[in-house]
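Each remark here refers to the structure printed beneath this line.
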Amino acid sequence: MNIRNSSTIVRTLVLFCLLASVQSGIVWAGVSEDTESQAVVKSSSGVEYQISLNIDNSTVVVDYRNPTNRKIDLERYVLTVDRQRIYAANFNLSGGEHRTKEINITPAINVNQDDHTVVFSTFGGHTQFNFTRKIDSAESGKIPKPYIEDVTVADGTINGEPSAVAKVTIVNPSKQLYSTKLMVHTVGTEGSYYPASVRPGDSRTITVELLDERGTEIAGEARFYAGNMTTEEGALDQVEFAGKAGEETRVWNTSYEPVRPTWMDDNYEYHNASYERGIAEKASAGYEIGGVPVIYVGLALVVGWLVVRKLR
24 MNIRNSSTIV RTLVLFCLLA SVQSGIVWAG VSEDTESQAV VKSSSGVEYQ ISLNIDNSTV
84 VVDYRNPTNR KIDLERYVLT VDRQRIYAAN FNLSGGEHRT KEINITPAIN VNQDDHTVVF
144 STFGGHTQFN FTRKIDSAES GKIPKPYIED VTVADGTING EPSAVAKVTI VNPSKQLYST
204 KLMVHTVGTE GSYYPASVRP GDSRTITVEL LDERGTEIAG EARFYAGNMT TEEGALDQVE
264 FAGKAGEETR VWNTSYEPVR PTWMDDNYEY HNASYERGIA EKASAGYEIG GVPVIYVGLA
324 LVVGWLVVRK LR
């Protein structure tokens, strides 16, 4: 087979694949290098769509028209980003009518991945764009992500038993659903772990069990993450807090620090010199008599007994 015939066969195969792609209504547009890409899709009802993705602006422009002179009823298209729907439209289109819609995809970009996918779907056809963007999940900039909004130290009950608790409020302002977790450490609690997923556009408050003594000033930190707590990958937020039940709890942001969880050897322990319990308090396990650690009461009794014995 000569080179000319070989080239002709290759061109024929390429043309065949392109025609098959158009016939099936599927168009692939990889945009990992370019900042802008376009694709054309025609729906089964005859609407012609031109879809443009601008990576720099994080926008998708949908330009669509009815090329016929008849009205098209019940047309629909959907746009998803990283497997989450960000926009959907249902409409009718008069003969010859033309419309344009610009959609900001930022709220649906997943901050925990580098490879991203935008899919446009309509009746009888769809197109897919792929692009790469490295994101620091803890400092995601304009891309919204779940975060810890507030922490309140309180007295509560866990499994029907009185306990000191921290009420941690988490907010998810994004369009993305994350599988997130919450870990809280305090001076008296080595670690309280809770699944902490929040639906897109929603918030929730998690009541966290603390082993610190009820009614005392409690200091600690809360880590909010997806993935493994021992790495920065998947880190979302971290705050420190200090407060007492019935009083205002002070909360401040801190940089995320990966640590070893409670179930691992050499696990992390939170320390705060301003709120550390003294040796006597630790030995008394939090028990007091008249506001005095019980260990002191015990020592006083022993000393008194020795003095009385000596005097005899």
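Residue numbers (this note's numbering): 24 to 335.
The beta carbon of each residue, even a glycine, is placed where N, CA and C say it ideally should be.
Residue H208 holds the alpha-carbon nearest to the alpha-carbon of A242 among K124, G179, H208, L97.
For the beta strand (DSSP E) assignment, the uninterrupted runs of no fewer than 3 residues enclosed by the stretch 72-155 are, from N- to C-terminal side, 82-88, 95-104, 107-116, 121-127, 138-145, 148-155. In the three-state scheme derived from DSSP, where H, G and I count as helix and E and B as strand, A249 is classed as coil. Residues of the same chain with a CB within less than 8 Å of the CB of R99, apart from the 5 flanking positions on each side, are A111, A112, N113, F114, T145, F146 in chain order. Counting along the chain, S163 sits inside no beta strand (DSSP E), nor does DSSP assign it H or E at all. If you draw a straight line from the Cα of L205 to the Cα of P218, it comes to about 6 Å.
Here the C-alpha atom of T140 lies approximately 24 Å from the C-alpha atom of S67. In the displayed model, A189 falls within a strand according to three-state DSSP. Classified as exposed, H121 has fewer than 16 neighbouring CB atoms from the shown chains inside 10 Å of its CB. Look at the beta carbons and you see the stretch 224-231 not touching the stretch 257-267: under three pairs across the two are nearer than 8 Å. C-alpha of A268 to C-alpha of A245: approximately 17 Å in a straight line. When DSSP reads this structure, D225 sits in a beta bridge with N195. Residue burial annotation: T155 is exposed, with fewer than 16 other C-beta atoms found within 10 angstroms of its C-beta. Minimum Cα-Cα distance from N195 among the listed residues Y170, S215, G257 corresponds to Y170. Of the other Cβ atoms in all chains shown, fewer than 16 fall within 10 Å of the Cβ of K165; this residue is therefore exposed. Secondary structure of T230 (DSSP, three-state): strand.
Shown here, A265 sits in a strand according to DSSP, grouped into three states.
About 18 Å separates the CB atoms of A265 and Y291; that is not less than 8 Å, and the two are not in contact.
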